[in-house]
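*Asks:* Pasting a structure here, questions to come.
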Amino acid sequence: ETGVTQSPTHLIKTRGQQVTLRCSSQSGHNTVSWYQQALGQGPQFIFQYYREEENGRGNFPPRFSGLQFPNYSSELNVNALELDDSALYLCASSLTSARPDTQYFGPGTRLTVL
Amino acid sequence: SQQGEEDPQALSIQEGENATMNCSYKTSINNLQWYRQNSGRGLVHLILIRSNEREKHSGRLRVTLDTSKKSSSLLITASRAADTASYFCATDAARGAQKLVFGQGTRLTINP
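First to last, the sequence lines map onto chains H and W.
So the first sequence is residues 1 to 114, counted in this note's numbering.
So the second sequence is residues 1001 to 1112, counted in this note's numbering.
Structure follows, in structure tokens:
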């Protein structure tokens, strides 16, 4: 167990809808990162939040947005869902934004877009 | 886009044998990490090796890093059925926001 939890475990949406995924980081971890993992692929970095501010972003469109809260929880929001958004979404928390630092992953949310 | 490439994509061995997986990457790194993933679930951190380190051990795991060749290997000795999983290498770049860039993984199957 990494101490990182995510909800929901599974989610089914239709194209064009909006979705919010949630993550609860380890206590004291002020950095959270989100990754998208398509079937059979490695995870791809979406963005990172450090002390409630976006600290870096991967190659994802603006309809992917996030929030980080002072209580070590965070959200990933995806608007105007597309079929290709179907994937496992992973959040990972780390103690700092400095490197090197270990990232602790949650179990993921499986999103299916129909 | 994926930075790293793992080799082989799939590996099947008998219990008790050693398993070696390789990873190559393209850009300068601060560190390289190996993760394990069971059946599409969350990733479990195995080991982190810094760019100025050449070898690191953790239990039955041995990781090497060759920055001149931009490559790393993960050796699992005396494999067990419970080692069956996908293994990913992930690089953390030398600059910019801390983010992990993963390869496509090696699917390891340990046969009893």
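Note that CB positions come from ideal geometry on N, CA and C, so glycine has one too.
Assuming Gln48 of chain H is part of the beta strand (DSSP E), what are its boundary residues?
*Replies:* Here the beta strand (DSSP E) through Gln48 of chain H covers Gln44 to Tyr50.
*Asks:* Put Asp85 of chain H into one of helix, strand or coil per three-state DSSP.
*Replies:* In this structure, Asp85 of chain H counts as helix in the three-state DSSP scheme.
*Asks:* Can you pull out the residues from the region 67-91 of chain H whose beta carbon lies closer than 7 Å to at least one beta carbon of chain W?
*Replies:* Answer set for the region 67-91 of chain H: Leu88 and Leu90.
*Asks:* With a CB to CB cut of under 6 Å and the five nearest residues on each side skipped, what residues in its chain are close to Ile12 of chain H?
*Replies:* For Ile12 of chain H, where only same-chain residues beyond five positions count, the Cβ hits under 6 Å are Thr112.
*Asks:* Are the beta-carbon atoms of Glu1006 of chain W and Phe1088 of chain W separated by less than 9 Å?
*Replies:* For Glu1006 of chain W and Phe1088 of chain W, yes; Cβs fall inside 9 Å.
*Asks:* Between the Cα of Ser1051 of chain W and those of W:Ala1081, W:Gly1059 and W:Thr1064, spot the shortest distance and give me the residue it belongs to.
*Replies:* Considering only alpha carbons, the answer is W:Thr1064.
*Asks:* Opposite Gln36 of chain H in the DSSP bridges: which residues?
*Replies:* DSSP lists H:Gln44 and H:Tyr89 as partners of Gln36 of chain H.
*Asks:* Could you check what DSSP says for Ala98 of chain H in three-state terms: helix, strand or coil?
*Replies:* Looking at Ala98 of chain H - three-state DSSP - the assignment turns out to be coil, as it is neither helix nor strand.
*Asks:* Output, in chain order, the set of chain C residues within a Cβ distance shorter than 8 Å of Lys1099 of chain W.
*Replies:* Here the protein chains are H and W, and chain C is not one of them.
*Asks:* Thinking just about the alpha-carbon of each residue, which of W:Ser1012, W:Arg1107 and W:Arg1062 is nearest to the one in Ile1049 of chain W?
*Replies:* For Ile1049 of chain W, the nearest C-alpha among the options comes from W:Arg1062.
*Asks:* Do Ser1012 of chain W and Leu1108 of chain W count as a contact pair if the criterion is CB distance below 9 Å?
*Replies:* Yes, the Cβ-Cβ distance between Leu1108 of chain W and Ser1012 of chain W is below 9 Å.
*Asks:* Per DSSP, what kind of secondary structure is Ala1082 of chain W in: helix, strand or coil?
*Replies:* Helix, per DSSP.
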